[in-house]
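Below: the structure, in structure tokens.
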Amino acid sequence: MRSDDAVEIMRASLALAFPTASAEGLTRAAETLIRWGAEDVEDHLDQELIARMLLDLLGVAGVRLRDFRPAEGDWTAEDLLGTAARYRTWSHSDDMTPLPFLPRPPDEPRGPHDPDDPFRPPRPGRR
Numbered sequence: 077m078r079s080d081d082a083v084e085i086m087r088a089s090l091a092l093a094f095p096t097a098s099a100e101g102l103t104r105a106a107e108t109l110i111r112w113g114a115e116d117v118e119d120h121l122d123q124e125l126i127a128r129m130l131l132d133l134l135g136v137a138g139v140r141l142r143d144f145r146p147a148e149g150d151w152t153a154e155d156l157l158g159t160a161a162r163y164r165t166w167s168h169s170d171d172m173t174p175l176p177f178l179p180r181p182p183d184e185p186r187g188p189h190d191p192d193d194p195f196r197p198p199r200p201g202r203r
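Here it is as structure tokens:
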């Protein structure tokens, strides 16, 4: 598949999720998601990282948190702020909040993370 086609498919999906985003914001968010896919970030997502990723995408797309309406009514957009990880495992852009990057090699299981010390290894014995 050509990269332009992949961006257009992703833009169409994001337009449904982010109806208030501009065409330029949707394109930036689509390109960002495709880059994250190439980084295999989906292999290590949990609820905290999913919330962080959604907040990052809202920032890239230029959508204000108060304008985002989740499809599922049992949580609010503000819930994202309380559950979002205070670090990320994917590349970032200037549109995202500066946070520590915590690498997650695919062959290493995820261990506990101390958000007060994001640069400390996530488990004993890791260099």
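Last residue of the sequence shown: 203 in the numbering used here, with the numbers rising by one and none dropped.
Backbone N, C-alpha and C define an ideal beta-carbon position, used for all residues, glycine too.
Keep in mind that this is a model prediction, so the values were computed, not measured.
Distance, residue j Cα to residue i Cα
i, j, result
"residue 179", "residue 124", "15 Å"
"residue 144", "residue 173", "17 Å"
"residue 112", "residue 133", "11 Å"
"residue 166", "residue 152", "24 Å"
"residue 103", "residue 87", "6 Å"
"residue 82", "residue 116", "16 Å"
"residue 176", "residue 147", "29 Å"
Endpoints, alpha helix (DSSP H) assigned at residue i
i, result
"residue 154", "153 to 159"
"residue 178", "Residue 178 -> no alpha helix (DSSP H), and no H or E assigned at all."
"residue 111", "99 to 114"
"residue 127", "123 to 137"
Counted within 10 angstroms of its Cβ, other Cβ atoms place residue i as buried (16 or more) or exposed
i, result
"residue 99", "exposed"
"residue 158", "exposed"
"residue 161", "buried"
"residue 142", "exposed"
"residue 128", "buried"
Contact with chain C by residue i, beta-carbon distance below 7 Å
i, result
"residue 115", "Any reference to chain C falls outside this structure, which holds one protein chain only."
Presumed contact (8 Å Cβ cut-off) between residue i and residue j, rounded CB distance
i, j, result
"residue 137", "residue 105", "4 Å"
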